[in-house]
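*Asks:*
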Amino acid sequence: MAREARDKKLFSTYYIKQVGSVDCTLFASEADRLKFIEILKNSKKKIDFRIYAYNISDKDSYEIIIFDNGSDISSIMKSLNISYSMYKNSGGQLFKDRYKSIIIKDYFTLANYIQEIHHLGDESKWNGCQEYFKEELADSFLDIKEIKKLLHYQKVKSFEEYSYYFENTLTKDSFICDENSLFCQDVRTCIMDKEEARIKLDSILKENSFTFEDLLKNLEVRNYWIKYFRKNSILSLREIGLLFGNLSESTICKIINNK
921 MAREARDKKL FSTYYIKQVG SVDCTLFASE ADRLKFIEIL KNSKKKIDFR IYAYNISDKD
981 SYEIIIFDNG SDISSIMKSL NISYSMYKNS GGQLFKDRYK SIIIKDYFTL ANYIQEIHHL
1041 GDESKWNGCQ EYFKEELADS FLDIKEIKKL LHYQKVKSFE EYSYYFENTL TKDSFICDEN
1101 SLFCQDVRTC IMDKEEARIK LDSILKENSF TFEDLLKNLE VRNYWIKYFR KNSILSLREI
1161 GLLFGNLSES TICKIINNK
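Residue numbers (our numbering): 921 to 1179.
1) Quick one, are the C-beta atoms of Gly1048 and Leu1030 less than 8 angstroms apart?
2) Which residues share a DSSP beta bridge with Ala973?
3) For Ile959, which residues in the same chain have their Cβ closer than 8 angstroms to its Cβ, ignoring the five residues on either side in sequence?
4) Would you check if the distance between the CB atom of Tyr1033 and the CB atom of Ile985 is smaller than 8 angstroms?
5) Kindly indicate which residue of Thr1131, Asn1152, Glu1140, Asn1128 has the alpha-carbon position closest to the one of Ile1111.
6) State the CB to CB distance for the pair Ile1173 and Lys966, rounded to an integer number of angstroms; the pair is presumed to be in contact (CB under 8 angstroms).
7) Would you call Asp943 buried or exposed, if buried means 16 or more other Cβ atoms sit within 10 Å of its Cβ?
8) Roughly how many angstroms separate the alpha carbons of Arg1108 and Asp1122, rounded to a whole number?
9) For Thr933, which beta-bridge partners are listed by DSSP?
10) Report back the beta-carbon spacing between Asp988 and Tyr934 to the nearest angstrom; my notes put them in contact at under 8 angstroms.
11) Starting from the C-beta of Ile996, find all residues in its chain whose C-beta is less than 6 angstroms away, skip the five residues before and the five after it, and write them out in chain order.
12) On the DSSP letters alone, give me the boundaries of the alpha helix (DSSP H) that Arg1018 sits inside.
13) Using beta-carbon positions only, say whether Ser981 and Gly940 come within less than 8 angstroms of one another.
14) Under 8 angstroms between the Cβ atoms of Leu1167 and Ala1117?
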């Protein structure tokens, strides 16, 4: 029987659950969990997606909430699971089946999934819940600054206060979508393909009295427009690289990540 097609869409937020097989314990030690976090960070840096919550406190499964940021969710999960499988090198099947994914379409649903993931892990250090307590997020690999703002998040100092806030304070009316919100219907008037991107770039060059060669020589301006196309198109890193003079995916990724 053919597999049912996975529900996925670029620039979407996903709840992901991956269960381990009976042949091998997914997280048998603290070292395993540390390695998984390292791989998660590396995949995030390489592919440029966002992470809003995670829980790896259970020994046989993990849960994460991510925003694909225009990358294919299957590519993200392939990078993550293959890298971790290579580390485990168990000799058997590491994962029970394909990962479960659900597209999250509004902030109230997102808040409920975040709360559910955090509740399952309680106060475990292998649960991203602790990051939501911090006032400073400079050392966090979670992208929760926007989430905390949109949840009208108040300062809490314990898991109990945190749970009460999610369960008793937040309602569907708590969330007001604006033009910069993740789930706003008008947030992206996206450039949909390479031809549309080429036409847009030609228009940009004309408006700024630049030739294409001028653009490639002026790295500051080039990098600005690379970030623009990443934010306002569904082009892959490779396609953006080709648009800007055949740059490699790794080069594009470095430019995007350089704030």
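C-beta: ideal position from N, C-alpha, C; glycine also. All values reported here derive from a predicted model rather than from experimental measurement.
*Replies:* The relevant details are as follows:
1) no
2) Ile985
3) Leu1000, Ser1003, Tyr1004, Tyr1007
4) yes
5) Asn1152
6) In the sequence on display, residue 1173 carries Cys and not Ile. Between Lys966 and Cys1173 the Cβ distance is about 6 angstroms, and since that is below 8 angstroms, they are a contact.
7) exposed
8) Because Arg1108 sits at a pLDDT of 46, beneath the cut-off of 50, its placement in the model cannot be relied upon, and the following sentence gives the value as read from the coordinates. Approximately 20 angstroms, taken between the alpha carbons.
9) Phe987, Ile1024
10) 7 angstroms
11) Ile967, Phe969
12) That residue, Arg1018, is in no alpha helix (DSSP H); it is neither H nor E in DSSP.
13) yes
14) no
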